[in-house]
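A.B. asks:
In the working numbering, the protein residues as written are 1353 to 1825.
#1: For residue 1362, which residues does DSSP report across the bridge?
#2: Measure from the alpha carbon of residue 1435 to the alpha carbon of each residue in 1441, 1695, 1419 and 1410, then state which is nearest.
#3: Look at the alpha carbon of residue 1584 and the alpha carbon of residue 1596, and state the distance between them as a whole number of angstroms.
#4: Within 10 Å of its beta-carbon, does residue 1403 have 16 or more other beta-carbons around it, so buried, or fewer, so exposed?
#5: In whole angstroms, what is the alpha-carbon distance linking residue 1625 and residue 1589?
#6: Here's the rule: buried if 16 or more other CB atoms are within 10 angstroms of the residue's CB, otherwise exposed. What is residue 1422?
#7: Going by DSSP in three states, residue 1594 sits in which element: helix, strand or coil?
#8: Going by beta carbon distance, what residues of the same chain come within less than 6 Å of residue 1691, once the five residues before and after it are set aside?
#9: Near residue 1432, which residues of its chain fall below 8 Å by C-beta distance, leaving aside the five closest residues on each side in sequence?
#10: Alpha carbon to alpha carbon, how far is residue 1723 from residue 1713?
#11: Given a threshold of 16 other Cβ atoms within 10 Å of its Cβ, counted over all protein chains shown, does residue 1530 qualify as buried or as exposed?
#12: Does DSSP put residue 1563 in a helix, in a strand, or in coil?
#13: Give me, in chain order, the residues of the same chain whose beta-carbon lies closer than 6 Å to that of residue 1546; leave out the 5 immediate sequence neighbours on both sides.
#14: Start and end of the beta strand (DSSP E) containing residue 1518?
#15: Count the other CB atoms, across all protein chains shown, that sit within 10 Å of the CB of residue 1538; report buried if there are 16 or more and exposed otherwise.
#16: Excluding the five sequence neighbours on either side, which residues of its own chain have a C-beta within less than 6 Å of the C-beta of residue 1824, listed in chain order?
#17: Go ahead and label residue 1524 buried or exposed: buried means 16 or more other beta carbons lie within 10 angstroms of its beta carbon, across all protein chains shown.
#18: Give me the DSSP bridge partner(s) of residue 1647.
#19: Here's the rule: buried if 16 or more other CB atoms are within 10 angstroms of the residue's CB, otherwise exposed. What is residue 1783?
#20: Could you say which of 1386, 1377 and 1419 lies nearest to residue 1363 if we only look at CA atoms?
#21: Rounded to a whole number of angstroms, what is the C-alpha to C-alpha distance between residue 1437 and residue 1375?
#22: Helix, strand or coil for residue 1462? Go by DSSP, reduced to three states.
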């Protein structure tokens, strides 16, 4: 793609400013320009246009430029963003640069300043793309699934892309933030980061959920003798054990405010203070963090420090939930059946074709961990030599009841509507729901009525009656 064909997106609620910027850029030769007045459309526009350079105003209704920038950088870490700001808002623009913006322009902007800034942004964007292609080429020359990732069972292109990204940032000393739902495999990815980086020290995991500030400091930094009641001797923290290695902080979103300050100092300066000590200790451990929380929202509601968020999101790995990579379910199913059989000391049962279709229809809010638990339970129930849908039903019903109790609705997105409306496009009648359930059960069981009846929780005769009534109607 030539220099002037690179897609640019300009977002500004002031139409005059938007028009001026577009005219100035067109006069300079740029041809692929998209303009938007509504910042809420910004994320979709960048996705659709494949834009790598975005110019956005800071002061906009509905969604500020700073909020939009956070969303864009979260999804497109390689994006080159330029913010436009009023003279009295330069401080915010500098904050934006700390969070990933390339540069800022003060409004009303000077045409030559705009041209120079955009030209630099385009050059940086093209350089990033070139480096990215070189990285991909290098990684493709390696084994498609390097040994570091052998614990992660997948054939998903999205997951393989994450492998490549981890390989590309492996030697960086900047923190790696892993974001993913419960059970999606965050610790496996953290271990992969450690293995790919080939650091000689140990991989040391810590789950910090529920730790108050004192417990966090003692666990991570250690303490000196007499630091508190019961501290009869000096004890080194887990951070010291991770020297020359990797420290993995799981559930970082639950960290207390006081502990967040200490973690920020550690990341900025590489120093920490054991409890009871006035002498700083240093570390060269690589820091990997994980959370299932939306940290952007946590920053917005004040429960997570903004400066810490910007510090830890340098390298972001977002693991897709299992329901977004259902192509992995057959592979994971066979893997867990074999694993379960080995642990039980028995022969692995065969897997009927209907099982895969059934599991692909499950939402799996507990992700891979939930699937593993289902398989372990199903294999224990299987005495016929072939694993069928009936072996999964009891635990699936228990899980469904649990998810309903906690308000999980996999069909709901962005909090809009409810699952039935999202599924049907309208609120269905009971008759339509019954027809849908019967049809789906027959699809899953490949038309075997006895198995479909079991799946529906009714007798075969009752299913026959419903099918006859459907034919007559």
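For glycine and all other residues, C-beta sits at the position ideal for the given N, C-alpha and C.
C.D. replies: Inspection of the coordinates gives the following:
#1: DSSP lists 1387 and 1407 as partners of residue 1362.
#2: Nearest C-alpha to residue 1435 among 1441, 1695, 1419 and 1410: 1410.
#3: Linking residue 1584 to residue 1596 through their CA atoms gives a straight-line distance of about 28 Å.
#4: By the neighbour-count rule (16 or more Cβ atoms within 10 Å), residue 1403 is buried.
#5: Each residue's alpha carbon lies about 10 Å from the other.
#6: The residue is buried, with at least 16 neighbouring Cβ atoms inside 10 Å.
#7: Residue state, collapsed to three classes: coil.
#8: If you ignore the 5 residues before and after residue 1691, its C-beta comes within less than 6 Å of no other C-beta in its own chain.
#9: Cβ neighbours of residue 1432 within its own chain (closer than 8 Å, five residues either side excluded): 1404, 1405, 1406, 1454, 1473, 1474, 1476, 1477 and 1480.
#10: Going from the Cα of residue 1723 to the Cα of residue 1713 covers about 12 Å.
#11: That one is buried.
#12: Of the three classes helix, strand and coil, the one that applies to residue 1563 here is coil, per DSSP.
#13: The beta carbon of residue 1546 sits closer than 6 Å to the beta carbons of 1555 and 1598 from its chain, once the five residues preceding and following it are set aside; these are given in chain order.
#14: Residue 1518 -> not in any beta strand (DSSP E); alpha helix (DSSP H) instead, spanning 1509 to 1521.
#15: Result: buried.
#16: Interpretation of residue 1824 is limited by its pLDDT of 47, a score under 50 that renders its predicted location unreliable; the figure taken from the coordinates is listed afterwards. Counting only Cβ-Cβ distances below 6 Å, and skipping sequence neighbours, we find nothing.
#17: Around the beta-carbon of residue 1524, fewer than 16 other beta-carbon atoms lie within 10 Å, marking it exposed.
#18: None; residue 1647 has no bridge partner.
#19: Answer is exposed; the Cβ neighbour count stays below 16.
#20: Checked all of 1386, 1377 and 1419; the closest Cα to residue 1363 is 1386.
#21: Rounded to whole angstroms, residue 1437 to residue 1375 spans 19 Å at the Cα level.
#22: DSSP, reduced to helix, strand and coil, places residue 1462 outside both helices and strands of the structure shown, so it counts as coil.
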